[in-house]
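The sequence shown runs 1 to 407 under the UniProt record's numbering. Below: the structure, in structure tokens.
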Amino acid sequence: MCPIERLADRQRAIELVVSHLNWGDLPRELIPLESCLGRITSESVRAKMPMPPFDRSLRDGYAVRSADLVGASEASPSYLSLGREVIMGAVPDFQVNPGWAHPIHTGGILPKGADCVVMLEDTTPAGHMVEVRRSHQRGDNVVISGEESRVGDVLIGAGTLIKGPHVALLASQGEERVSCLRLRAAVFSSGDEVRSLGETLDPGTIYDVNGWFLVAQLRQIGIQASYGGVLRDDPVLIRDSLLSSLEDNQMVLISGGSSVSVRDHLEGIFSHTEDPGLLVRGVNVQPGKPLLAAVTHHGHRLLLGLPGHPLSCAVSFYTFLTPLLEMGLGGEGWNATKLSMPLLKDLPAKPGVEEFVPALVPPDGVEPLMSASGYTGILSRCHGLVRVPKDRETLRRGDEAEVWLFR
């Protein structure tokens, strides 16, 4: 068993867990393009053709030779003979000779002999001639084949969370399918006071929030998450449920029971795992301190115990699990967008602890929303989190603050 990090710095804890993960042989599957949004690429996607695949016009206008427009201006325009039109979707069977201009549309193939395109706005038809009122340089209003990417260039890296622009990029290469990771997770909640949906609430009981939150968030980042339900505070039941789920899932998450009371059983269960076993016992984050992380099955499985309070559980997901997955899979596009923005009001902080505070982000700055860790609905109303480093005390209105925007 490896030494256990107790109340570790968040980034240190993430790096420790990642260093023991061995996810290089995760299952893969080919996913149709129309279904790949939100999935995770299993390998780099390389360009099979240059982009763009041919020299093409960026504007409606005329394909010309820049040498024919030297000195052209409003006061002294150039006049070119009007030639044949470039047909869309077809390779021109002519070339542009000196003194000629050929009508071309946006996206049309640039004919041989032409090195730029004159926009319609800079021209006036004049019978069989075209008046051009502006000089041009070689390459104006034209994109050259391979200018954006060449054959063999990496377009999308392995471990990338596929978003809309990635789908467009895949389509531009004619990719009908993409190889994606098949990463599975089982999600449980625990607590005698927690009820499943459909059950009657008695005094002192609540519906399961964390389990459904985690399933939804995991699915949003391409992980095939299954909901295992609510486990009562029975250490044998919890142990058997978690360990059996590790057989078919690369990750098993459970919320509740990760703290230190007599009814919190997870540390004892996690402590009996091995290869390498329990690695993290608490992180120095507020909210989200009672977090447990174990790696088992020789690095092939991740076992994570998250806080039971809804806000604490959510903060742990955004600030611990998401960056851990991004680092562990060597990808990109997972983590929150991070910005520096001025605070719109003072933000009290506790020195020595890294804090994350829910916040609104209007156009003129960031407004922290003070809340308790047991709050449920605040994350649905805010735009992100303000991060307060552990070496800072109260942040004042107008101070620049680090903001993590939700995906």
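All C-beta atoms in this analysis are idealised placements derived from N, C-alpha and C, irrespective of residue type, glycine included.
Can you tell me whether residue i is buried or exposed? The criterion is at least 16 other CB atoms within 10 Å of its CB, across all chains shown.
i	result
residue 186	buried
residue 59	buried
residue 177	exposed
residue 296	buried
residue 166	buried
residue 285	buried
residue 10	buried
residue 262	Its pLDDT being 47, under 50, residue 262 is placed unreliably by the model, and the measurement read from it follows with that caveat. Exposed, by the Cβ-count rule.
residue 216	exposed
residue 289	buried
residue 287	buried
residue 140	buried
residue 160	buried
residue 206	exposed
residue 74	exposed
residue 194	buried
residue 354	buried
residue 39	buried
residue 91	exposed
residue 322	buried
residue 123	buried
residue 210	buried
residue 70	exposed
Three-state secondary structure (DSSP) at residue i?
i	result
residue 262	Because the pLDDT at residue 262 is just 47, under 50, the model does not fix this residue reliably, and the value given afterwards should be weighed accordingly. Coil at residue 262, not helix or strand.
residue 102	strand
residue 313	helix
residue 397	coil
residue 363	coil
residue 406	coil
residue 319	helix
residue 270	helix
residue 11	helix
residue 236	helix
residue 43	coil
residue 304	strand
residue 299	helix
residue 81	strand
residue 229	strand
residue 332	coil
residue 33	helix
residue 51	strand
residue 16	helix
If you follow the beta strand (DSSP E) that residue i is part of, which residue opens it and which one closes it?
i	result
residue 133	No beta strand (DSSP E) contains residue 133, which DSSP labels as neither H nor E.
residue 181	177-181
residue 356	354-360
residue 64	61-64
residue 281	277-283
residue 378	Run containing residue 378: none in the beta strand (DSSP E); it sits in the alpha helix (DSSP H), 378-381.
residue 186	184-190
residue 385	384-388
residue 409	The structure shown does not extend to residue 409, since the chain is modelled only from 1 to 407, so the question has no answer here.
residue 255	251-255
residue 200	Note, residue 200: premise wrong, no beta strand (DSSP E); not H, not E.
residue 117	116-119
residue 154	154-156
residue 125	123-126
Thinking residue i and residue j are a contact (beta carbons under 8 Å), I'd like their distance in whole angstroms, please.
i	j	result
residue 41	residue 158	6 Å
residue 142	residue 82	At roughly 20 Å, the Cβ-Cβ gap does not stay under 8 Å, so residue 142 and residue 82 are not in contact.
residue 253	residue 304	5 Å
residue 228	residue 255	Actually they are not in contact, since the Cβ atoms of residue 228 and residue 255 sit about 11 Å apart, beyond 8 Å.
residue 250	residue 26	7 Å
residue 137	residue 113	Between residue 113 and residue 137 the Cβ distance is about 16 Å, and since that is not below 8 Å, they are no contact.
residue 271	residue 278	5 Å
residue 43	residue 190	That belief does not hold up - the Cβ atoms of residue 43 and residue 190 are roughly 37 Å apart, past 8 Å.
residue 56	residue 109	6 Å
residue 79	residue 118	Actually they are not in contact, since the Cβ atoms of residue 79 and residue 118 sit about 12 Å apart, beyond 8 Å.
residue 226	residue 208	Contact doesn't hold; Cβ gap of about 14 Å is too wide.
residue 6	residue 281	5 Å
Taking C-beta to C-beta, are residue i and residue j nearer than 7 Å?
i	j	result
residue 65	residue 154	no
residue 345	residue 396	no
residue 231	residue 237	yes
residue 334	residue 324	no
residue 54	residue 145	yes
residue 400	residue 342	yes
residue 315	residue 366	no
residue 293	residue 18	no
residue 377	residue 406	no
residue 275	residue 298	yes
residue 132	residue 77	yes
Alpha helix (DSSP H) containing residue i: first to last residue?
i	result
residue 211	210-220
residue 168	164-172
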